[in-house]
Amino acid sequence: ENDPRAALLGEWQYGAGKGCDNLVMITLGTGIGGAALIEGKLLRGKHFQAGCLAGHFTIDYKGPKCNCGNIGCGEQIASTHVLSQMVQSNPLFPASKLAKAEVIDYKTVFAIASQGDKLAIEIVAQSLEVWSAVIISQIHAYDPEKTAPRLRSGRPSCPRRRRHRSVGHALPRRRPDGGDGPGCFRG
864 ENDPRAALLG EWQYGAGKGC DNLVMITLGT GIGGAALIEG KLLRGKHFQA GCLAGHFTID
924 YKGPKCNCGN IGCGEQIAST HVLSQMVQSN PLFPASKLAK AEVIDYKTVF AIASQGDKLA
984 IEIVAQSLEV WSAVIISQIH AYDPEKTAPR LRSGRPSCPR RRRHRSVGHA LPRRRPDGGD
1044 GPGCFRG
């Protein structure tokens, strides 16, 4: 299996998804990976790509062209693959602490954002929005019971509840019946 599917299997059996047979997750590495478990089975598809290309959901239909041929993929807007170029092309870069960083990666960006750097804060905000949109796209596509994994801090996997623009409501923390479910980020 690829890394996201292996990670999802681990979460399903031992982590945030234990006891849940409908689960999705994203992984953040060089790109944005994903995996989906539907009725206790990994989603694979005829060409073994179903569910694992979360970074190729269209997030911005006017966005940059992706190497997959699509326009506005999440991976082309907020991934390690494009981070350095995204940071360096921003007009705030010369005055940013990121201009002096030896390595521009998300660990560095988040650390510098915590120090109040405007560019780093902007990049973090954009990335969180994109990652949230990718997770919401998975929820729409696969109708999971939960998203996984939880962050190390114990917070839900979606960094924050996000205004859901397509239907105009905030995603709930719990369903009206009190349970977890689609759109409920309680891993």
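The number in my numbering is simply the position in the sequence shown, starting from 1, with 863 added. Glycine is no exception: its CB is placed at the ideal position from the N, C-alpha and C atoms.
Buried/exposed call for P867, threshold 16 Cβ in 10 Å: buried
CA nearest to the CA of A962, picked from L982, H944 and Y969: L982
Decide if the region 986-1005 is in contact with the region 964-977; the criterion is three or more beta carbon pairs, one per stretch, under 8 Å apart. yes
Look at I901 and D884 and say whether their C-beta atoms are less than 9 Å apart. yes
Specify, as a first and last residue, the run of the beta strand (DSSP E) that V887 falls within. L886 to L891
A898, enclosing alpha helix (DSSP H) - first and last residue: Careful: A898 lies outside any alpha helix (DSSP H), inside the beta strand (DSSP E) at I895 to I901.
Residue range of the unbroken beta strand (DSSP E) whose run includes K1009: DSSP places K1009 in the uninterrupted beta strand (DSSP E) bounded by K1009 to A1011.
Helix, strand or coil for I998? Go by DSSP, reduced to three states. helix
Tell me which same chain residues have a C-beta within less than 7 Å of the C-beta of A913, skipping the five on either side of it? L906 and R907
Rounded straight-line distance, which links the Cα of G882 to that of G935: 35 Å
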